[in-house]
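Some notes on the structure that comes next.
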Amino acid sequence: MNALGLSIDSVNRLRGWLDALAHVLDLAIRLHVANVFFKSGLTKIEDWDKTVFLFQEEYRVPWLPPEAAAFLGTFGEIFFPVLLALGLAGRFAAASLSVVNVVAVIGYWHVLGTNEAALAGHFYWGALLLVTLLHGPGKLSLDHWLWRWIGSRCGTSARQP
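No gaps in the numbering here: position 53 of the sequence shown is 53 in the numbering used here, and each next residue is one more.
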């Protein structure tokens, strides 16, 4: 084998390693974002009366009554992170958490608008959610394994949505 062939083989091996690391990064992104939102949801269920009070006085969700906003926000922060972490309906979970994130920014804008660091956190989480939304949850996800199983049952290679 000549030098060019060795170089091409080396590049291909490196690409294989980088592809494998990309799947680990997909998982790390999902777990990180899921952890942030899930912990936020847990703080809301620890003291429900305080949560409802905060939605009445502090979190100004313009389209919903405070009790409904508190319930839906808490549900979203508990349920969708579990889906995201598992990579089950990964794109749907990422889209749903993106909605939760945007509503949080809108409802808390009177504080976030003057706090660049807190606002940057929401943009950061939004960017990470966008990775999963556009790229999918990756090979280290239940979505990937379910679609492989479905494809094997149907005799096709079903593509992950």
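Yeah, the Cβ is synthetic: ideal placement off N, Cα and C, and Gly gets one too. Treat the numbers as computed from the prediction; the structure is a model and nothing was measured.
Suppose you measure from the CA of S162 to the CA of R91; what does that come to, to the nearest Å?
Outside the modelled stretch of the chain, which goes from 1 to 161, sits residue 162, for which no answer is possible.
Determine whether the beta carbon atoms of A85 and L31 lie at a separation below 8 Å.
Residue numbering aside, residue 85 sits at position 85 when the sequence shown is read from its first letter. Residue numbering aside, residue 31 sits at position 31 when the sequence shown is read from its first letter. A contact, by the Cβ cut-off of 8 Å.
Are the Cβ atoms of E67 and G41 separated by less than 8 Å?
For the purposes of this step, residue 67 is identified with residue 67 of the sequence shown, where counting begins at 1. For the purposes of this step, residue 41 is identified with residue 41 of the sequence shown, where counting begins at 1. No; because the gap between Cβ atoms is not below 8 Å, this pair is not in contact.
Helix, strand or coil: how does DSSP classify S10 here?
Within the sequence shown, residue 10 is the residue found at index 10, counting from 1. It is helical.
Is T43 buried or exposed, if buried means 16 or more other CB atoms sit within 10 Å of its CB?
Stepping through the sequence shown from its first residue, residue 43 is reached at position 43. That one is exposed.
Name the two residues that bound the continuous alpha helix (DSSP H) containing P81.
Position 81 of the sequence shown, counted from the start, is the residue given in the question as residue 81. From DSSP, the alpha helix (DSSP H) with P81 extends over 66-86.
What do you reckon, are the CB atoms on G151 and H144 nearer than 8 Å?
For the purposes of this step, residue 151 is taken as residue 151 along the sequence shown, with counting starting at 1. For the purposes of this step, residue 144 is taken as residue 144 along the sequence shown, with counting starting at 1. Taking 8 Å as the Cβ cut-off, G151 and H144 do not qualify as a contacting pair.
In whole angstroms, what is the alpha-carbon distance linking E57 and T74?
Along the sequence shown, read from residue 1 onward, the residue named residue 57 stands at position 57. Along the sequence shown, read from residue 1 onward, the residue named residue 74 stands at position 74. When rounded, the distance between both Cα atoms is 16 Å.
Using beta-carbon positions only, say whether L25 and G87 come within less than 8 Å of one another.
In the sequence shown, counting from the first residue as 1, residue 25 sits at position 25. In the sequence shown, counting from the first residue as 1, residue 87 sits at position 87. Against a cut-off of 8 Å, the Cβ pair of G87 and L25 comes out as no contact.
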